[in-house]
Amino acid sequence: MHQIVWKEEYLTGVEEIDRQHMDFVKLINRLNIINEYGDNLEYSLRLLAEVAKYADYHFTCEENIMYLTKYPDLEKQEEAHKGMLAEYNNLMQSFQNKEAVIEDVIKYLEAWFAQHSVELDKRIGTFLKSRKK
Ligand SMILES: [Fe+2]
608 MHQIVWKEEY
618 LTGVEEIDRQ
628 HMDFVKLINR
638 LNIINEYGDN
648 LEYSLRLLAE
658 VAKYADYHFT
668 CEENIMYLTK
678 YPDLEKQEEA
688 HKGMLAEYNN
698 LMQSFQNKEA
708 VIEDVIKYLE
718 AWFAQHSVEL
728 DKRIGTFLKS
738 RKK
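Take 608 as the starting number for the sequence shown in the numbering used here and just add one per residue.
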């Protein structure tokens, strides 16, 4: 079964962010399980809504960490977060209207995790580490 296996290299070094990223991966993996063991549309929609709320909370949390620590790219991150939520909501809507399949949503979330959470968020950890020196 397709699952994201958590790797050490995904860590940003910021404990709170890492904990939430792990939860995010668990949610994506759960979507994959539901997808493989039958198509429970109602539960899938509930899970997708859970992802939306969790992502929104996580982004706010991350932005507050960046604000507090005077992270220089806060604005860029805020824009990316807003864009991702908007795109995700569109995709959720398309899934609900049967214009998209669950695999499209899962693919989007996995790409988001790989590009944003792992690559961009890692810079927050690097920045915080350099500040401590
Ligand atoms: Fe993140």
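From the three backbone atoms N, C-alpha and C, an ideal C-beta is built for every residue, glycine too.
Computed from a predicted structure; not experimentally measured.
Taking DSSP as the reference, what is the three-state secondary structure of residue i?
i    : result
E736 : For the record, residue 736 in the displayed sequence is Lys; it is not Glu. Helix at K736.
E706 : coil
V621 : coil
K729 : helix
So, at 7 Å on beta carbons, what are the nonlocal neighbours of residue i in its own chain, with the 5 sequence-adjacent residues on each side left out?
i    : result
Q610 : N636 and N639
For the alpha helix (DSSP H) containing residue i, name the first residue and the last one.
i    : result
Y746 : The chain is shown from 608 up to 740; residue 746 falls before or after that span and cannot be answered.
Leaving aside the five residues before and after residue i along the sequence, list all residues of the same chain whose C-beta is less than 6 Å from its C-beta, in chain order.
i    : result
M699 : L655
N642 : I709
Ligand 1 heavy atoms versus the CB of residue i: any closer than 7 Å?
i    : result
S724 : yes
H609 : no
E669 : yes
I624 : yes
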